[in-house]
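Inspection log for the structure reproduced underneath, given as structure tokens.
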Amino acid sequence: MLTSPPTGPLVTRDTIAEGLRELGVRPGEILLAHSSLSSLGWVCGGPVAVVQGLLDVLGPDGTLVVPTQSGDLSDPALWSSPPVPEEWWETIRASMPVYDPGTTPSRGVGVIPETVRTWPGALRSAHPHTSFAALGPRAARIVEGHAPDCRLGERSPLARLEALGARVLLLGAGYDSCTSFHLAEYRIPGPLARVGRPGPHGWEVLTEVSITSERFDELGHDFERDRPVARGAVGAAEARLFPVADAVAYAERWLALHRPREEDFPHPGT
1 MLTSPPTGPL VTRDTIAEGL RELGVRPGEI LLAHSSLSSL GWVCGGPVAV VQGLLDVLGP
61 DGTLVVPTQS GDLSDPALWS SPPVPEEWWE TIRASMPVYD PGTTPSRGVG VIPETVRTWP
121 GALRSAHPHT SFAALGPRAA RIVEGHAPDC RLGERSPLAR LEALGARVLL LGAGYDSCTS
181 FHLAEYRIPG PLARVGRPGP HGWEVLTEVS ITSERFDELG HDFERDRPVA RGAVGAAEAR
241 LFPVADAVAY AERWLALHRP REEDFPHPGT
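So in the UniProt record's numbering, spot 260 of the sequence shown is number 260, and the numbers just go up one at a time.
Have a look at this one:
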């Protein structure tokens with residue numbers, strides 16, 4: 001059986017830590033990391049080595065936070081990748097397991113966040129769709145109180161991270177994955193959406209702020225042009241580092257100018 005040779009560079013726990021230090025990651029800080037394992041090169045030890053490298057740099061006083069979303073706990077009528085037959089929808093709604101912070105896997109955020117989620121001592125927030133997991137002395141303060149009707153707003157870990165002076169690390173990930181921009185969506189007039197999910201008493205539907213990462217790449221380009229963003233390389237990955245508060249404040253102004261006005265949006269049920 002023919003196999004392709006590994007694609008380099010060779011990356012280790014130590015070279016990851018070295019690259020993060022050169023980027024400017026500091027011991028003791030709070031870091032919200034969005035990551036892509038495949039972008040780094042050939043990582044000896046895979047996602048475990050990446051998490052170890054991050055924790056080595058943050059040290060015992062630092063806190064690592066990652067998104068651990070589980071958007072598959074949602075209405076099958078909205079699924080498109082792939083869709084399921086309409087005759088299955090009611091059975092799926094009735095049978096879907098309720099969110100459990102300890103057992104529900106993350107989905108769509110990569111293998112590094114899932115590794116953090118299952119790391120000894122990790123804590124995870126309570127929102128069924130947009131949870132965060134955290135490791136470190138300030139983990140509990142960050143993940144506690146994540147309201148079930150506030151995905152990424154004022155009662156989510158994002159607002160805690162902003163208040164605590166956390167920074168965002170994009171490790172081989174683009175601005176389209178920058179969850180901090182979503183906090184800005186809660187602070188400007190915008191549309192609402194009906195959100196379905198399994199609950200402890202059966203299928204439930206809530207009205208939430210509608211969020212989307214559409215145009216986040218464009219937003220990130222302008223943010224990086226106008227505000228200080230540390231840039232460097234970790235392995236083969238391009239890495240960026242900036243404060244959560246800077247990203248939220250810039251996105252609040254940018255989205256107000258570049259997104260449609262509230263009156264241009266249809267209201268739920270119309």
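In this text, a Cβ means the ideal position worked out from N, Cα and C, and glycines have one as well.
- Within the same chain, Cβ atoms closer than 6 Å to the Cβ of residue 84 are found at 76, the five residues on either side in sequence being excluded.
- For residue 111, the enclosing alpha helix (DSSP H) has its first and last residue at 111-117.
- Under the DSSP assignment, residue 30 falls in the beta strand (DSSP E) whose first and last residues are 30-35.
- A residue is called buried when at least 16 other Cβ atoms come within 10 angstroms of its Cβ; residue 205 does not meet this threshold and is exposed.
- Using a 10 angstroms sphere on the CB of residue 147, the tally of other CB atoms stays under 16, which defines it as exposed.
- Counting the other CB atoms within 10 Å of its CB gives residue 228 a total below 16, which places it among the exposed residues.
- Rounded to whole angstroms, the Cβ separation of residue 129 and residue 151 is 6 Å, and the two are in contact under 8 Å.
- Cβ atoms of residue 54 and residue 33 come within 8 Å of each other, at about 7 Å.
- Here residue 195 carries a strand assignment [DSSP, helix/strand/coil].
- Taking the C-beta atoms as reference points, residue 51 is found no nearer than 8 Å to residue 166.
- Note on the region 2-77: whole beta strand (DSSP E) runs with a minimum of 3 residues are 30-35 and 63-67, in chain order.
- If you check the CB distance, residue 62 and residue 19 do not come in under 8 Å.
- In this structure, the alpha-carbon of residue 186 lies about 11 Å from that of residue 180.
- Residue 205 sits in a strand when the DSSP states are folded into three classes.
- Linking residue 209 to residue 26 through their CA atoms gives a straight-line distance of about 34 Å.
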